[in-house]
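**Q** Residue numbers (our numbering): 45 to 511.
Every residue gets a Cβ at the ideal spot worked out from N, C-alpha and C, and that includes glycine.
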Ligand SMILES: Nc1nc2c(ncn2[C@@H]2O[C@H](COP(=O)(O)OP(=O)(O)OP(=O)(O)O)[C@@H](O)[C@H]2O)c(=O)[nH]1
Ligand SMILES: [Mg+2]
């Protein structure tokens, strides 16, 4: 049924080319800046080859028994090693379901030392976590295109905090940063958002563009109840997500059993089509997503360099170093403001101030480097030319889809258009996306950077922010 998820050969070639080029650009142009200013200690570890090579990943998150594992089984149309399904809390670990010729299970401790897999940084969450982490491999055609991560159901209160023995939310955040889709599951039959689930959703905040929501087990209620449950879910989500837009919720029953109430069959089928079309686009858009993530990272690395250099500038040469360090951390907001003004960087590009303050506590400010313009220029040049060149390598079928990607932090908006949408309309639409977005870019800050026409008349636009 889901064999359409199989990897298309032509697409894969493009992804491989783009990924190959990205690795080179990263190592040659961005990594020197990251290393010089200690970026990896603050934000995200150094990227290794498996980070670039990884297949698109889907992360399933939800309270226990909402049907996460059943959803994977439904996608794969078969069981995977270590699968456990049941009405009580069943899945007790993070399971990365990935493709391999041989069926098997790789335990967490072995997984984080495998240089071919992207899970190495997870070793920092300790043994308690690694004992609860595994990779289930199997030769499913669906897994040739994507990997899926099953998670333990979110439990209430103490059970979540104490019994797990590791930083569950931290692990969730780690995956959220790296996956292509986060699917949040809700159970139509017992709809409830516990405080723990709310906290987990909040931990996923920076990645709203990846989140899709499913109201699962909708076959358990009749049409009248379904209306009420849907309304209740929207109401609760409104309070948790706090975005002005209404979240897209896919209603359905993602298992292979007959429906208990049949009257909504048509609706479930249509919703399922919509959702799977979205998942199907992941392998096609993998190159674009990787490109996007690198742009995001480059912008953060630049801001990080400005922050560290500014702190260095403020440090005294002889006396009172410790006092000055404390006052600089306390007044980090003012430093952000100053950099924002001097370098025309939008506030959304800055790292979370509380997290930054915590990380700075443990650093020796006297070892910070001052501004090395050469390193920043290389990154600017990378964003302006190398990335634009890679954009051209991405096939035009994707541009036909009129896909848009909004990167967090008012940073950049890459917008594709077909000839059906004239440039002016496209830019208006791009602008309206921005202004409808909570982290919107102001009109004056939008300028067109480049526009290229190809032989078929399609145009690619890149809209960027600048003061
Ligand atoms: N009626 C109905 N039941 C479902 C559906 N999907 C799953 N179930 C049932 O719900 C129960 C829980 O399913 P699981 O797949 O184990 O749920 P889970 O979210 O993985 O649960 P944990 O691993 O404990 O977090 C099982 O008894 C399933 O048979 C569905 O679409 N409709
Ligand atoms: Mg499960």
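Please report how far the alpha carbon of residue 314 lies from the alpha carbon of residue 159, in whole angstroms.
**A** Walking along the chain shown from the start, residue 314 turns up at place 270. Walking along the chain shown from the start, residue 159 turns up at place 115. Going from the Cα of residue 314 to the Cα of residue 159 covers about 41 Å.
**Q** Alpha carbon to alpha carbon, how far is residue 144 from residue 274?
**A** Translated into the one-based positions of the chain shown, residue 144 becomes position 100. Translated into the one-based positions of the chain shown, residue 274 becomes position 230. Taking the straight line from one Cα to the other gives about 39 Å.
**Q** If contact is defined by three or more beta carbon pairs under 8 Å, each pair taking one atom from either stretch, is the stretch 250-263 in contact with the stretch 229-239?
**A** yes
**Q** Return yes when the C-beta of residue 264 is under 6 Å from any heavy atom of ligand 1, and no when it is not.
**A** Mapped onto the chain shown, residue 264 falls at position 220. Because some heavy atom of ligand 1 lies under 6 Å away, the Cβ of residue 264 counts as near it: yes.
**Q** In terms of residues, what are the limits of the beta strand (DSSP E) holding residue 294?
**A** As a first step, residue 294 must be located in the chain shown, where it is residue number 250. It spans 293-295 - the beta strand (DSSP E) in which residue 294 sits, taken as one unbroken run.
**Q** Just to confirm the assignment: which complete alpha helix (DSSP H) runs, minimum length 4, are found wholly within the stretch 165-195?
**A** 170-174
**Q** Counting only runs of 4+ residues fully inside the stretch 222-265, write out the alpha helix (DSSP H) ranges in chain order.
**A** 239-247
**Q** Ends of the alpha helix (DSSP H) at residue 409?
**A** Stepping through the chain shown from its first residue, residue 409 is reached at position 365. Residue 409 -> no alpha helix (DSSP H), and no H or E assigned at all.
**Q** Give the DSSP-derived three-state secondary structure of residue 482 in the structure shown.
**A** Here residue 482 refers to the residue found at position 438 of the chain shown. In this prediction, residue 482 has a pLDDT of 31, which is less than 50 and means its spatial position is unreliable; what the coordinates show is noted afterwards. Coil.
**Q** Identify the residues that DSSP records as bridge partners of residue 148: which are they?
**A** Residue mapping note: residue 148 aligns to position 104 of the chain shown, counting from 1. DSSP lists 181 as partners of residue 148.
**Q** When the Cα atoms are used, what is the spatial distance from residue 168 to residue 250?
**A** Taking the chain shown and counting its residues from 1, one reaches residue 168 at position 124. Taking the chain shown and counting its residues from 1, one reaches residue 250 at position 206. Rounded to the nearest angstrom, the two C-alpha atoms are 22 Å apart.
**Q** Do the stretch 177-194 and the stretch 136-156 make contact, defined as three or more Cβ pairs closer than 8 Å?
**A** yes
**Q** Sorted by chain position, which residues of the same chain lie with C-beta nearer than 8 Å to residue 410's C-beta, five sequence neighbours on each side aside?
**A** As a working note, residue 410 is residue 366 in the chain shown. Around residue 410: 359, 365.
**Q** Count the other CB atoms, across all protein chains shown, that sit within 10 Å of the CB of residue 219; report buried if there are 16 or more and exposed otherwise.
**A** Translated into the one-based positions of the chain shown, residue 219 becomes position 175. Buried: at least 16 other Cβ atoms inside 10 Å.
**Q** Taking the alpha helix (DSSP H) that residue 279 belongs to, which residues open and close that run?
**A** If you number the chain shown from 1, residue 279 lands on position 235. Residue 279 -> alpha helix (DSSP H) spans 267-285.
**Q** If you follow the alpha helix (DSSP H) that residue 106 is in, where does it begin and where does it stop?
**A** Sequence index remark: in the chain shown, residue 106 carries index 62 (1-based). No alpha helix (DSSP H) holds residue 106; the beta strand (DSSP E) holding it covers 101-106.
**Q** Roughly how many whole angstroms lie between the Cα atoms of residue 63 and residue 97?
**A** For the purposes of this step, residue 63 is taken as residue 19 along the chain shown, with counting starting at 1. For the purposes of this step, residue 97 is taken as residue 53 along the chain shown, with counting starting at 1. Across the structure, residue 63 and residue 97 are spaced so that their CA atoms are roughly 7 Å apart.
**Q** Say yes only if the C-beta of residue 108 is nearer than 6 Å to one or more non-hydrogen atoms of ligand 1, and no if none qualify.
**A** Translated into the one-based positions of the chain shown, residue 108 becomes position 64. Within the cutoff, so yes.
**Q** Give the DSSP bridge partners of residue 142, in chain order.
**A** What you label residue 142 is simply residue 98 of the chain shown in a count that begins at 1. BP columns for residue 142 point to 181.
**Q** Rounded to a whole number of angstroms, what is the C-alpha to C-alpha distance between residue 60 and residue 362?
**A** Within the chain shown, numbered from 1, the residue matching residue 60 stands at position 16. Within the chain shown, numbered from 1, the residue matching residue 362 stands at position 318. Roughly 52 Å separates the two Cα atoms.
**Q** Is the beta carbon of residue 238 within less than 6 Å of some heavy atom of ligand 1?
**A** The residue given as residue 238 occupies position 194 in the chain shown. No, the Cβ of residue 238 stays beyond 6 Å of every heavy atom of ligand 1.
**Q** Residue 16: buried (16+ other C-beta within 10 angstroms of its C-beta) or exposed?
**A** In this structure the chain extends from 45 to 511, so residue 16 is not present and cannot be described.
**Q** Could you tell me the distance, in whole angstroms, from the CA atom of residue 132 to the CA atom of residue 242?
**A** Indexing the chain shown from 1 puts residue 132 at position 88. Indexing the chain shown from 1 puts residue 242 at position 198. Distance between the alpha carbons of residue 132 and residue 242: 21 Å.
**Q** Hey, how far is the Cα of residue 86 from the Cα of residue 316?
**A** Numbered from its first residue, the chain shown carries residue 86 at position 42. Numbered from its first residue, the chain shown carries residue 316 at position 272. In a straight line, the C-alpha of residue 86 is about 40 Å away from that of residue 316.
**Q** Flag this pair as yes or no: are the beta carbons of residue 389 and residue 376 separated by less than 7 Å?
**A** In the chain shown, residue 389 corresponds to position 345, counting from 1. In the chain shown, residue 376 corresponds to position 332, counting from 1. Cβ atoms of residue 389 and residue 376: not closer than 7 Å.
**Q** Might you give, ordered along the chain, the residues of its own chain that have their beta carbon closer than 8 Å to the beta carbon of residue 57, omitting 5 neighbours on each side?
**A** Reading the chain shown from its first residue, position 13 is the one you call residue 57. Closer than 8 Å at Cβ, skipping near neighbours: no residue.
**Q** Out of 103, 427, 117, 112, which has the shortest C-alpha to C-alpha gap to residue 336?
**A** In the chain shown, counting from the first residue as 1, residue 336 sits at position 292. The shortest Cα separation from residue 336 among 103, 427, 117, 112 belongs to 427.
**Q** Round the Cβ separation of residue 237 and residue 284 to the nearest angstrom and send it over; I've been treating them as touching at under 8 Å.
**A** Residue mapping note: residue 237 aligns to position 193 of the chain shown, counting from 1. Residue mapping note: residue 284 aligns to position 240 of the chain shown, counting from 1. Indeed, because the Cβ distance is near 6 Å, the residues count as touching under 8 Å.
**Q** Where residue 372 and residue 190 are concerned, what is the direct C-alpha to C-alpha distance, given to the nearest angstrom?
**A** As a first step, residue 372 must be located in the chain shown, where it is residue number 328. As a first step, residue 190 must be located in the chain shown, where it is residue number 146. Approximately 45 Å between the Cα atoms of the pair.
**Q** Roughly how many angstroms separate the alpha carbons of residue 253 and residue 122, rounded to a whole number?
**A** Within the chain shown, numbered from 1, the residue matching residue 253 stands at position 209. Within the chain shown, numbered from 1, the residue matching residue 122 stands at position 78. If you take the alpha carbons of residue 253 and residue 122, they lie about 30 Å apart.
**Q** Look at residue 423 and residue 342 and say whether their C-beta atoms are less than 7 Å apart.
**A** Here residue 423 is taken as the residue at index 379 of the chain shown, counted from 1. Here residue 342 is taken as the residue at index 298 of the chain shown, counted from 1. Cβ distance < 7 Å, so residue 423 and residue 342 count as in contact.
**Q** As an exercise, report each continuous alpha helix (DSSP H) stretch of at least 4 residues that is fully enclosed by the stretch 303-376, in chain order.
**A** 309-358, 365-374
**Q** Check whether the Cβ atoms of residue 355 and residue 412 lie closer than 7 Å to each other.
**A** As a position in the chain shown, residue 355 is number 311, starting the count at 1. As a position in the chain shown, residue 412 is number 368, starting the count at 1. Cβ distance < 7 Å, so residue 355 and residue 412 count as in contact.
**Q** Can you tell me where the alpha helix (DSSP H) with residue 161 in it begins and where it stops?
**A** Taking the first residue of the chain shown as position 1, residue 161 is located at position 117. Taken as a continuous stretch (DSSP letters only), residue 161 belongs to no alpha helix (DSSP H), as it is neither H nor E.
**Q** Just confirm the distance between the C-beta atoms of residue 118 and residue 173, as a whole number of angstroms; I'd bet it's less than 8 Å.
**A** Here residue 118 corresponds to residue number 74 of the chain shown, with the count starting at 1. Here residue 173 corresponds to residue number 129 of the chain shown, with the count starting at 1. The pair is not a contact, with the Cβ atoms about 28 Å apart (cut-off 8 Å).
**Q** What are the partner residues of residue 198, as DSSP defines its beta bridges?
**A** Here residue 198 corresponds to residue number 154 of the chain shown, with the count starting at 1. The partner list for residue 198 (beta bridge, DSSP) reads 107.
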